[in-house]
Every structure is written in C-alpha cells, then in structure tokens.
Amino acid sequence: MALDKIILSARSSGLIPNTVRYLQFSPHCVLVGYHQAVELEVEEEYCREHHIEINRRITGGGNLYWDEGQLGWEIFALKDTPGIPKHLEEMYRLMCESVVAGLKRLGVTARFRPANDIEVDGRKISGTGGTEIGNAFLYQGTLLTDFDVDTMLGCLKLPIKKLEDKQVNSFKQRVVCLKEVLGCLPPMEDIKASLAQGISEVLGISLEPGMLSESEQTAYNQALPAFQSDEWIRGTRILPQENDLCAAEHKTPGGLIRVSLRLDPNRQRIKSAFISGDFFAYPERSILDLEARLKNTSSRPTDVLNNVRKFFSDYKVRIPGVSEDDFYHALYLAIEKGR
Amino acid sequence: MDINNQTVPEDLYYDKNDWWVKLDGELAIIGMTEYGQKNTGDILYLELVEPGYSIQCGEKLGSIESGKWVGNLISPLTGVIEESNYEVEKKPRQVNLDAYGKGWMYKLLLNDPGEVRLLMTAQEYAEWIAEQAKCELEMG
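In order, the protein sequences belong to chains P and G.
Sequence positions in the first sequence follow this note's numbering and run 1 to 339.
Sequence positions in the second sequence follow this note's numbering and run 1001 to 1140.
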C-alpha cells in the first residue's frame, strides 16, 4: 500500500515514467477498499487465527483476500497520456482490455465486464479499481492465478453467511482462476510476461524493466510505519452498521429464488448480491451478470425495479416461469428486512 | 442556464474541478456541479474534512469514491472550514440527486472574498463544459 502511494506520488511529480508494477503478498492478507471499515468487511477473528494480515488500500472498491495465488497488476500513468480516455468508464475498459489481451496470450478467452471486472464465461478472474494524485492515476487489479476459495470465504464478510453448503458451492462458481481455466498453472514469469505484452499492445507502449529509484526507496522506508499503523488501517470514518446481511426467498412457478444481500442502509446501497435458486436461466450466466449489475447500486425500490427491468431488457434474459418482477420482489423482500 | 443538458445556475461561481461556489459575504458555500456529478457517476463514499481545518486553494479537501475509483476533492478557494455537511457524507447520493441544494459539501470562511474573481462565471463555465464535450468528441 505504501509503495502504491509512493510510486503514484513520484509519477505525479514527474520523477518517474509511466510504470507497470506486479505484486504478490506473503504472508497472506485481507485488504479493504480506501473508504471501507475493517470491522464491517473482515472476519477479524478468523484472520487472527489464521495469521492473515489486514490493511487498507489507497484505491476504491471492496474487500479482497490475497495470497501467493493472486497476481496484482498496476498501471501508473499521467491522466493526459495520449490514448488514455478521460472518462473513467472508457478508461476502465481500455485498462481491462490490455489485461484481457495478455490473458489471450496465455490461451484464456476473457472479457471486460462493466463496470470493473474481467471475467471468463461469466466468472470473475480479475477485479479492478483505481485512484489519483494530482495529474497521475493508478489503476490496479488482481488476477486470480490459483485460489484458496475456502480461506477467502472465511476471512471476508460476504453475502453468503448462514447459507447451505449447496449455495456456498454455487457462490464459489462466481470466481475462477487461471489454474482452473488452463488445467495447470503457468510459471508466474510467463504470466507476467504475457500481461506485459498485452498491456504494451493495447496501450501502444513499450515497457522496460526497472527498479525503485533511490528517492522512491527512501520515501517508502519513511512511509512504511504510517501504513502499518492502526490509524491508517482503521482510519476511515465510515459509520458502523449492524447486521447488514439480509436474505429472502420468493416462490415462483419456475422455481424458488433465493437472494442474499449486503446492504449499506445509510447510503441506501446494495454492497453485494448473491442470487441462487432452482430455476433455469438462459443464458446461463445471466444471474452472475445480474449480481454484477446490482453491486454498489441504489437499494431504493424504484431504482432496483428499474435496474432489474433494464437488465432483463438489455440481456434478453429468459427464465421459464420466472419474471423480472419476481426477481425484483425477491430483492425487495431482502431489502425490507434490512430496514 | 442549461448547456449540454447540464444546469449551470447563473448566480454561482465555478472552477475546473467542477465545484460551484455561492458567495455570502466572507462565507462561501461549495459543492459539486451537476456536470461534475454526472461525470463522476453514482457516488458511493464521501469523506469530508472537519470544521476548523485551514485550506489553501488547490489543496486536498476530502475524498470521493465512485465505481471503485477514489478521487480527491481539491479546494477551489483559500480559507477555514466553517461547516462540513455530514448529512451528505452519510448520504453521498444527495450530490447526485440535488447537486446545488442538499448536495452542498462545505461552508468556507474565506481569507479573501476577492479570490472568487479568479473563478469562472456561469457563462465561462458553460463555455468550458462545451469545450470539454468538443474535445471528447474529437478524441472519439
């Protein structure tokens, strides 16, 4: 985290060129987003028992579990770099497509899923987020290479607590790693080289290997204690909430819809959603896409209804015996429980 | 006035970080413009600095998050924070819903009220928005 800040500041000050950086974590850790509160996002007791460290990113987004099985990728650049869109949504797409191109070189057909994810057949393989200092930005993501899903489920507060094993297994299908896609894990150096080639190709740049400059190293050494302090890790002023996990079921002619939501009642937000049931959706991945569509959106009933209807219309979803309004109703019931 | 479907009230001042400024004697009420909030998208988090904080024009005045992007709020003026709108910190969506009303962020006691002359008028800001839209079109 400290290096993210140091490199971004150095880029903003013109001390270093645009930079691509990879990162891995050992010991393993949980990272919350810049504005997230540790107590709301992390199973701290589980982390203590399993010697999992906790820290806070300088970028936005949600809670993440990192071990050696995740490869972080980061792009530091000036905002006015030619070819980089000024609009965030377009910039997200370009950055993610550079990583998609890298994955293609490894034999993986991935694609960008708005707003911020890279997925393979509807299953998330890389989440992303960013921040800025002055005229420079950092865009970063995690690439799941090999993944310990059970530990992730243990250390993060996710919308699946108290669910049955079958539903937990269904939740695990929301993410996928390189090892599962390819049947074996390529050497990490090959993965890094492929991503670098994809980034170079899509952004039209050439990359040269580099190390931290002397000034970056000095600044890093000075900044490290602050980034290890409780003041930083728990420094966010987000208001605590109790029992933000809400679940509901809704029976329809086509089957039972189960909805589990993490809600932010103060901000009237759906933080994350998990939807399962015994209905049949076509295309099959549409429920995963609906979950992605609902993440970090308004939990006001009218907004949820519009969001669900627009999703069904945009994606031409067909679910025999289940209407779009049934999904809205199941979501509404869960939201009502959170009031 | 309206420009590119954005409301730009004529009695306010503006800057290029998409702040609006309403002057009331030595006090400035500031918030994000409609154009700014639309570009930012759904705002998930706002973290405001506390009253009493001295701020220089161009310095960080808090942080904002939308779509997993954390951005800095950069002060348009120099002064001391008189009041922070904690209601909008609790419900940042107010900035999206009512940028010029309930979405205000700070009341700032200005060191020099004359500093607002360095900001843009509504006409100048509207022209600036149009220029931005033209640049975006040219970039494709």
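Don't be surprised by glycine CBs; every beta carbon is placed ideally from N, CA and C.
Under DSSP, the beta strand (DSSP E) around residue i begins and ends at which residues?
| i | result |
| --- | --- |
| residue 173(P) | Unbroken run through residue 173(P): none, as it is neither H nor E. |
| residue 140(P) | 136 to 144 |
| residue 260(P) | 255 to 264 |
| residue 123(P) | 123 to 133 |
| residue 1060(G) | 1060 to 1066 |
| residue 120(P) | 117 to 120 |
| residue 1107(G) | 1106 to 1110 |
| residue 48(P) | From DSSP, residue 48(P) is part of no beta strand (DSSP E) but of the alpha helix (DSSP H) over 44 to 49. |
Starting from residue i, trace the alpha helix (DSSP H) in both directions and tell me its first and last residue.
| i | result |
| --- | --- |
| residue 289(P) | 286 to 294 |
| residue 306(P) | 301 to 315 |
| residue 233(P) | 230 to 233 |
| residue 2(P) | 2 to 12 |
| residue 1089(G) | 1086 to 1090 |
| residue 335(P) | 324 to 337 |
Give me the Cα-Cα distance between residue i and residue j, rounded to the nearest whole angstrom.
| i | j | result |
| --- | --- | --- |
| residue 347(P) | residue 44(P) | One cannot answer for residue 347(P) here, as it falls past the ends of chain P, which runs 1 to 339. |
| residue 82(P) | residue 1132(G) | 16 Å |
| residue 65(P) | residue 129(P) | 15 Å |
| residue 340(P) | residue 275(P) | Since the first residue of chain P shown is 1 and the last is 339, residue 340(P) is not available in this structure. |
| residue 314(P) | residue 333(P) | 24 Å |
| residue 299(P) | residue 1119(G) | 37 Å |
| residue 1066(G) | residue 339(P) | 24 Å |
| residue 1087(G) | residue 267(P) | 10 Å |
| residue 260(P) | residue 39(P) | 20 Å |
| residue 311(P) | residue 288(P) | 12 Å |
| residue 246(P) | residue 291(P) | 15 Å |
| residue 94(P) | residue 166(P) | 37 Å |
| residue 294(P) | residue 34(P) | 21 Å |
| residue 84(P) | residue 13(P) | 19 Å |
| residue 212(P) | residue 318(P) | 53 Å |
| residue 26(P) | residue 146(P) | 14 Å |
| residue 1048(G) | residue 296(P) | 21 Å |
| residue 188(P) | residue 108(P) | 15 Å |
| residue 68(P) | residue 1126(G) | 51 Å |
Under a Cβ-count criterion, where at least 16 other Cβ atoms within 10 Å of its own Cβ denotes burial, should residue i be classed as buried or exposed?
| i | result |
| --- | --- |
| residue 340(P) | One cannot answer for residue 340(P) here, as it falls past the ends of chain P, which runs 1 to 339. |
| residue 218(P) | exposed |
| residue 110(P) | buried |
| residue 1010(G) | exposed |
| residue 1045(G) | buried |
| residue 28(P) | buried |
| residue 159(P) | buried |
| residue 1092(G) | buried |
| residue 126(P) | buried |
| residue 1015(G) | buried |
| residue 63(P) | buried |
| residue 1004(G) | exposed |
| residue 1050(G) | exposed |
| residue 1108(G) | buried |
| residue 136(P) | buried |
| residue 190(P) | exposed |
| residue 15(P) | exposed |
| residue 139(P) | buried |
| residue 1076(G) | buried |
| residue 48(P) | exposed |
Taking residue i as the query, report the chain G residues whose CB atoms sit under 7 Å from its CB, ordered along the chain.
| i | result |
| --- | --- |
| residue 60(P) | 1065, 1068, 1069 and 1070 |
| residue 132(P) | 1071 and 1072 |
Quick check on residue i: does DSSP put it in helix, strand or coil?
| i | result |
| --- | --- |
| residue 19(P) | strand |
| residue 33(P) | coil |
| residue 279(P) | coil |
| residue 1072(G) | strand |
| residue 207(P) | coil |
| residue 1077(G) | coil |
| residue 213(P) | coil |
| residue 1117(G) | helix |
| residue 1032(G) | strand |
| residue 106(P) | coil |
| residue 1045(G) | strand |
| residue 1023(G) | strand |
| residue 246(P) | strand |
| residue 67(P) | coil |
Note down, in chain order, every chain P residue with its Cβ under 9 Å from the Cβ of residue i.
| i | result |
| --- | --- |
| residue 1127(G) | Under the 9 Å cutoff, chain P gives no residues; its nearest Cβ is about 18 Å from residue 1127(G). |
| residue 1092(G) | 267 |
Name, please, each residue of chain G whose Cβ falls closer than 8 Å to the Cβ of residue i.
| i | result |
| --- | --- |
| residue 101(P) | Those within 8 Å of residue 101(P) in chain G number zero; the least Cβ separation is about 20 Å. |
| residue 116(P) | 1067 and 1068 |
| residue 277(P) | Going along chain G, no residue has its Cβ under 8 Å from residue 277(P), so there is no contact; the nearest lies around 28 Å. |
| residue 128(P) | 1068 |
For a contact defined as C-beta to C-beta under 8 Å, what are the partners of residue i on chain P?
| i | result |
| --- | --- |
| residue 1044(G) | 35, 60, 267, 269 and 296 |
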